[in-house]
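A.B. asks: Residue numbers (our numbering): 1 to 138.
For each residue, glycine too, the CB sits at the ideal point set by N, CA and C.
It should be emphasised that the depicted structure is a prediction, and the values quoted were computed from it without experimental measurement.
Encoded as structure tokens, here's the structure I'll be asking about.
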Amino acid sequence: MAQDYAKAFQLLSYAYNKGSKWGVFYLGKCYFYGLGTPQDYSRALQFLDEVDWNYWEADYLQGMIYARGLGVAEDIPKGVAYLQKAGNHQEAKEELLSFQKILYRLTYRSSFRSSYPTDFLQFLLQSDQLRNLPLFGR
1 MAQDYAKAFQ LLSYAYNKGS KWGVFYLGKC YFYGLGTPQD YSRALQFLDE VDWNYWEADY
61 LQGMIYARGL GVAEDIPKGV AYLQKAGNHQ EAKEELLSFQ KILYRLTYRS SFRSSYPTDF
121 LQFLLQSDQL RNLPLFGR
């Protein structure tokens, strides 16, 4: 059976305007993937924000939008929080793992940098104790 996303989008818009709680989620999904309408992450987020029940796929899509900065400013911690809410679904777990690695690296790098002088190499080269080591060409 051929899929007519444009017709589906029209029907979902109608359902949303009539108060359908599933219409709001599926409109968000249509905007996220560009199904029957041009892809628009900002509009997708507007609809997904209206989902007022705990639904893993809505949390997953919101997590993707925030963590990847799709149509909004990138906010990895907020995206990871949404991905964590998405629970044990494989798609969410895979994305969560990749962003947790990114957060770990960012946290590790910033803590490493903040515990040493800003120009660590210059500090090493100026240090009297290190200048006399044969390692530096003497």
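1) Under 7 Å Cβ to Cβ from residue 86, same chain only, skipping five residues before and after it: list those, please.
2) Near residue 88, what residues of its chain come up, given a Cβ to Cβ distance below 6 Å and the 5 sequence neighbours on each side ignored?
3) Can you tell which of 21, 22, 19 and 68 has its C-alpha closest to the C-alpha of residue 42?
4) Taking only the alpha-carbon atoms, compute the straight-line gap between residue 13 and residue 5 and give it to the nearest angstrom.
5) Rounded to whole angstroms, what is the Cα-Cα separation between residue 65 and residue 46?
6) Is the distance from the Cβ of residue 80 to the Cβ of residue 70 below 8 Å?
7) Short of 7 Å in beta carbon distance, which residues of its chain neighbour residue 101, apart from the five on each side in sequence? Order them along the chain.
8) Starting from residue 39, follow the alpha helix (DSSP H) in both directions and report where the run begins and ends.
9) Around the Cβ of residue 33, are there at least 16 other Cβ atoms within 10 angstroms (buried) or fewer (exposed)?
10) Go through its chain and collect everything with a Cβ distance to residue 50's Cβ below 6 Å, but skip five positions before and after it.
C.D. replies: From the atom records:
1) 56, 59, 60, 63 and 92
2) none
3) 68
4) Between the alpha carbons of residue 13 and residue 5 lies a distance of about 12 Å.
5) 11 Å
6) Pairing residue 80 with residue 70 gives a Cβ-Cβ distance that is not under 8 Å.
7) Around residue 101, the same chain offers no residue with a beta carbon nearer than 7 Å, after the five sequence neighbours per side are excluded.
8) No alpha helix (DSSP H) contains residue 39, which DSSP labels as neither H nor E.
9) exposed
10) 24
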